[in-house]
Amino acid sequence: MRYLVLCAAALLASACTSTGGARRAQPVAGLAPATAAPADYKRPCDGAPATPELAFDCDRRSILGMTGEFRVKFAFDETLALKPGYKPKPAQRSGGDEVVFVVEDRGDFIALQHILVAGSGKERMVIKHWRQDWQYQPEEVLVFRGHEHFELTPVSAEQARGAWSQSVYEVDDAPRYAGVGRWDHANGVDAWTSDFTWRPLPRREFTKRNDYQVLGAINRHTLTPGGWMHEQDNQKLVLGADGKATALVREVGINSYERTTAIDFSAGRDYWRKTEAFWRDVRGAWADAAQQRRAYDLKHMLGERPRFEALFALADKAAAGETVARADIDAVLNQALAKDATSTAQAQAVH
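So the number in this note's numbering is just where the residue sits in the sequence shown, counting from 1, plus 103.
Spelled out as structure tokens, the structure:
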């Protein structure tokens, strides 16, 4: 039952619901927040910062501006077929309610945790959702290379100067993707745009499709008077045996976060209070594994059950007041990470 509940919530949170029987992708329309922008909005900083020090402070305020309580809409439209004979799939729409808060702030590093709350009363479901880590002038990032392979990759001094990396993690804090980009505060807009990054198939299509292996994307996070928006310029890529990538179709993704005071997120905050220490250890375990291994293949399934289910089961123990040792967490990760992460032609694919 626990597994079914987690899957249902994960599908909802990951924009997995399709619109159904449309013969072609719906036009990109009606994706902005439904309500008018509030008039009393105050930007994180006034005007474009004049010095690197002011820019750093403005960037930080913008990242922290993504915290709060939100109604979230997920919209994905395949807009341009790039492979001969390919027929775009129907548009996908879904949504949920999320609270986003800071779990770590070291000045040049900020970690934001998303918690999904669905239903009400006895049917209330609380699911630890995705996490985004922001690192100023990163020295390296953990990038996805295709075929379940991740590796720590250096960031050049030129690329890192004045830039922030955004690293995104799954519900169990496993890595998903990472990109490097800069915040732009010109023209009254605060927005961060990434470089072109690779990521595994999104959960909304992971169990439905096998005709592509990598989602390549440019990501933009923009603060709005009513919240913020995550825009994705996606390409669905087919990887050949030699690691060469060929685009199947282009997709536009728009995830809008509209602030709300109408949702009771107390259950989500209570869950985090009970499990915060456990998930801190999990984050540390994943970070240690990356530093020690430098590269690894990541398994989705551990035997007959998904990897995230094993860690969520440990989280349930922590929430119940039981002691969960770091060794218990490491045991799950040791099953999930290939012991010998040898480089293959696929893993070394350049993108």
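For glycine and all other residues, C-beta sits at the position ideal for the given N, C-alpha and C.
Measuring CB to CB, does residue i end up less than 7 Å from residue j?
{"i": "V220", "j": "G371", "result": "yes"}
{"i": "A140", "j": "G356", "result": "no"}
{"i": "K377", "j": "A439", "result": "no"}
{"i": "C148", "j": "R164", "result": "yes"}
{"i": "T327", "j": "A294", "result": "no"}
{"i": "A166", "j": "I213", "result": "The sequence shown places Ile at residue 166, rather than the Ala named in the question. Result yes, Cβ atoms of I166 and I213 sit closer than 7 Å."}
{"i": "R353", "j": "L183", "result": "yes"}
{"i": "I432", "j": "A392", "result": "no"}
{"i": "E251", "j": "L401", "result": "yes"}
Which term fits residue i, buried or exposed, when burial requires 16 or more other beta carbons within 10 angstroms of its beta carbon?
{"i": "R429", "result": "exposed"}
{"i": "G319", "result": "buried"}
{"i": "F253", "result": "buried"}
{"i": "M332", "result": "buried"}
{"i": "K311", "result": "exposed"}
{"i": "V292", "result": "exposed"}
{"i": "D314", "result": "exposed"}
{"i": "E308", "result": "buried"}
{"i": "N337", "result": "buried"}
{"i": "K190", "result": "exposed"}
{"i": "S297", "result": "buried"}
{"i": "S369", "result": "exposed"}
{"i": "Q394", "result": "exposed"}
{"i": "R383", "result": "exposed"}
Check each candidate in the options and name the one with the smallest Cα separation from residue i.
{"i": "P278", "options": "V202, E308 and A398", "result": "A398"}
{"i": "F179", "options": "R306, S369 and D400", "result": "R306"}
{"i": "R227", "options": "D373, D314, W389 and H403", "result": "D373"}
{"i": "G188", "options": "A422, A434, A350 and H403", "result": "A350"}
{"i": "W233", "options": "F247, V244 and I218", "result": "I218"}
{"i": "H403", "options": "V202, N437, A281 and L183", "result": "N437"}
{"i": "E181", "options": "D367, A281, K339 and Q262", "result": "K339"}
{"i": "L157", "options": "W375, T170 and W286", "result": "W286"}
{"i": "Q216", "options": "G424, L405, D431 and W375", "result": "W375"}
{"i": "P303", "options": "D345, G249, V341 and E334", "result": "G249"}
{"i": "A153", "options": "I321, A289 and K225", "result": "A289"}
{"i": "C161", "options": "W267, R396, F204 and I321", "result": "W267"}
Out of curiosity, what's the CA-to-CA distance linking residue i and residue j?
{"i": "T426", "j": "K420", "result": "7 Å"}
{"i": "V206", "j": "W237", "result": "12 Å"}
{"i": "E172", "j": "A365", "result": "9 Å"}
{"i": "V258", "j": "W301", "result": "16 Å"}
{"i": "S197", "j": "R174", "result": "11 Å"}
{"i": "A441", "j": "A390", "result": "16 Å"}
{"i": "A150", "j": "A380", "result": "Before going on, a small fix: residue 150 reads as Gly here, not Ala. Approximately 39 Å, taken between the alpha carbons."}
{"i": "V435", "j": "G199", "result": "29 Å"}
{"i": "N358", "j": "Q195", "result": "12 Å"}
{"i": "Y144", "j": "E361", "result": "13 Å"}
{"i": "T256", "j": "F415", "result": "29 Å"}
{"i": "D208", "j": "L185", "result": "42 Å"}
{"i": "A260", "j": "G282", "result": "15 Å"}
{"i": "F177", "j": "K347", "result": "30 Å"}
{"i": "K192", "j": "E334", "result": "19 Å"}
{"i": "V202", "j": "D345", "result": "42 Å"}
Assuming the contact rule is C-beta atoms closer than 8 Å, residue i and residue j should be a hit. Round their C-beta distance to whole Å, please.
{"i": "F411", "j": "V274", "result": "5 Å"}
{"i": "Q235", "j": "A263", "result": "The pair is not a contact, with the Cβ atoms about 18 Å apart (cut-off 8 Å)."}
{"i": "F247", "j": "Y280", "result": "6 Å"}
{"i": "D463", "j": "R386", "result": "Residue 463 is absent from the structure shown; the chain starts at 104 and stops at 454."}
{"i": "P155", "j": "G265", "result": "6 Å"}
{"i": "S270", "j": "L245", "result": "7 Å"}
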